[in-house]
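Numbering (my numbering), first residue to last: 52 to 284.
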């Protein structure tokens, strides 16, 4: 059996007064807008349109004129883009206004209703968990960057951000305050000085100290010069 034969065997034609067609699921108990054939998923609406009316261009999608999302009657569908879909929805007066903004009056009313309200810590945490791992598109990142350009960060917020990345609070740190004190106290072997002036304690190079703690020589030098981990005295 081919995918076409399976599809045709599951069609229920003229199921209502609008002459909509439906696709029965394999169990035959309810209607679906997709079906599987040899572990491959097919969208019933698009499959029906291409079978009866012709191929759909890659940059277009199959849109429904009757408003029944489960209908697969090719006469109730046409091809178009997102703008065509929005125009059709607005022309027909359907409730869901995809891609359209609220009127300024409604936006003002919503703003006044929520004015002064703050999000609870519990809800804030739930939102953070829900968005964990999500990435913004390039367009969204550019919008955020544009909206934030020229907006000064409050001193309290700046201090909080700096403290959250300080020392052991930084998620990428490998060192502890005790390690920092040890790195600063290590006697260093300075090869630029004559051997006669070296003491017995000066027996470690910067590279050797860095290797002991699993960090770079540059980072080790910055720690010893107090360019980083300044809060550890």
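The beta-carbon is built from N, C-alpha and C at its ideal position, and this holds for glycine as well. Here the structure is a predicted model, which is why all the values come from computation and not from measurement.
| query | result |
| --- | --- |
| What are the start and end residues of the alpha helix (DSSP H) that includes residue 199? | 189–199 |
| Which term fits residue 187, buried or exposed, when burial requires 16 or more other beta carbons within 10 angstroms of its beta carbon? | exposed |
| Return the CA-CA distance between residue 229 and residue 269, expressed in angstroms with no decimal places. | 19 Å |
| Which residues bound the alpha helix (DSSP H) around residue 102? | 95–103 |
| Grouping DSSP H, G and I as helix and E and B as strand, with all else coil, what is residue 128? | strand |
| Does the count of Cβ pairs from the region 123–130 and the region 62–76 closer than 8 Å reach three? | yes |
| On the three-pair Cβ rule with 8 Å, is the region 104–116 touching the region 54–67? | no |
| Return the Cβ separation of residue 234 and residue 277 in integer angstroms, given the expectation that the two are a contact with Cβ distance under 8 Å. | Incorrect: roughly 11 Å between the Cβ atoms, too far for contact. |
| Could you give the DSSP three-state label for residue 138: helix, strand or coil? | helix |
| Short of 8 Å in beta carbon distance, which residues of its chain neighbour residue 220, apart from the five on each side in sequence? Order them along the chain. | 214 |
| Going by DSSP, what residue range makes up the alpha helix (DSSP H) through residue 264? | 257–264 |
| Who does residue 114 pair with in a DSSP beta bridge? | 129 |
| Judging by CA-CA distance, which residue of 141, 106, 144 is the nearest neighbour of residue 130? | 106 |
| Among the residues of its own chain, which have a CB less than 7 Å from the CB of residue 272, if the five just before and after it don't count? | 257 |
| Answer yes or no: do residue 86 and residue 56 have a C-beta to C-beta separation smaller than 9 Å? | no |
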